[in-house]
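Worksheet: the structure to be examined is printed underneath.
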Amino acid sequence: MTGLKSDRSAYRKLLWTGDRLTGAIIVGLSSAIWTTNDIGMLKGLVHSQVSLARFKDYLRKNPFDIKPAYIASKATSKLLPQTVLGRPSKAPGTTPVAV
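The sequence shown maps to residues 2 to 100 in this note's numbering.
See below:
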């Protein structure tokens with residue numbers, strides 16, 4: 002699945018395994034805010050491995066419109082319980098900062 006934005010000199014290719022997004026190639030100016038937001042959503046979709054079966058045809062036609070699929074797939078709710086530590090963070094003693 003590839004997309005080209007002539008008004009922004011941007012290219013995007015979505016990589017799939019079945020109905021799950023397994024990667025993406027994005028080429029364009031790094032200063033464009035849409036790139037920063039979309040990279041986070043694409044990373045979330047890849048990491049969460051949620052099914053995107055009902056969005057695959059839409060994303061094939063609109064690879065630059067990731068947000069509806071990201072929100073509707075509830076990828077965030079799958080990612081929230083995960084931590085870098087591999088366990089819930091806990092604040093030591095009375096310190097309000099989690100470690």
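Just so you know, even glycine gets a beta-carbon here, dropped at the ideal spot from N, CA and C.
Because the structure is a prediction, the values reported are computed rather than measured.
Cβ neighbour criterion (16 or more within 10 Å) applied to residue i
| i | result |
| --- | --- |
| Y71 | buried |
| S78 | exposed |
| P82 | exposed |
| P93 | exposed |
Same chain, Cβ closer than 8 Å to residue i, five either side skipped, listed in chain order
| i | result |
| --- | --- |
| D66 | Y59, L60 |
Beta-ladder partner(s) of residue i, from DSSP
| i | result |
| --- | --- |
| G24 | L16 |
CB of residue i within 8 Å of CB of residue j, strictly
| i | j | result |
| --- | --- | --- |
| A76 | S49 | yes |
| T23 | V47 | yes |
| A44 | D20 | Note on residue identity: the sequence assigns Lys, not Ala, to residue 44. Contact flag unset, no. |
Neighbourhood of residue i by C-beta, 6 Å cutoff - its chain only, sequence neighbours within 5 removed
| i | result |
| --- | --- |
| I26 | K14 |
| A11 | G29 |
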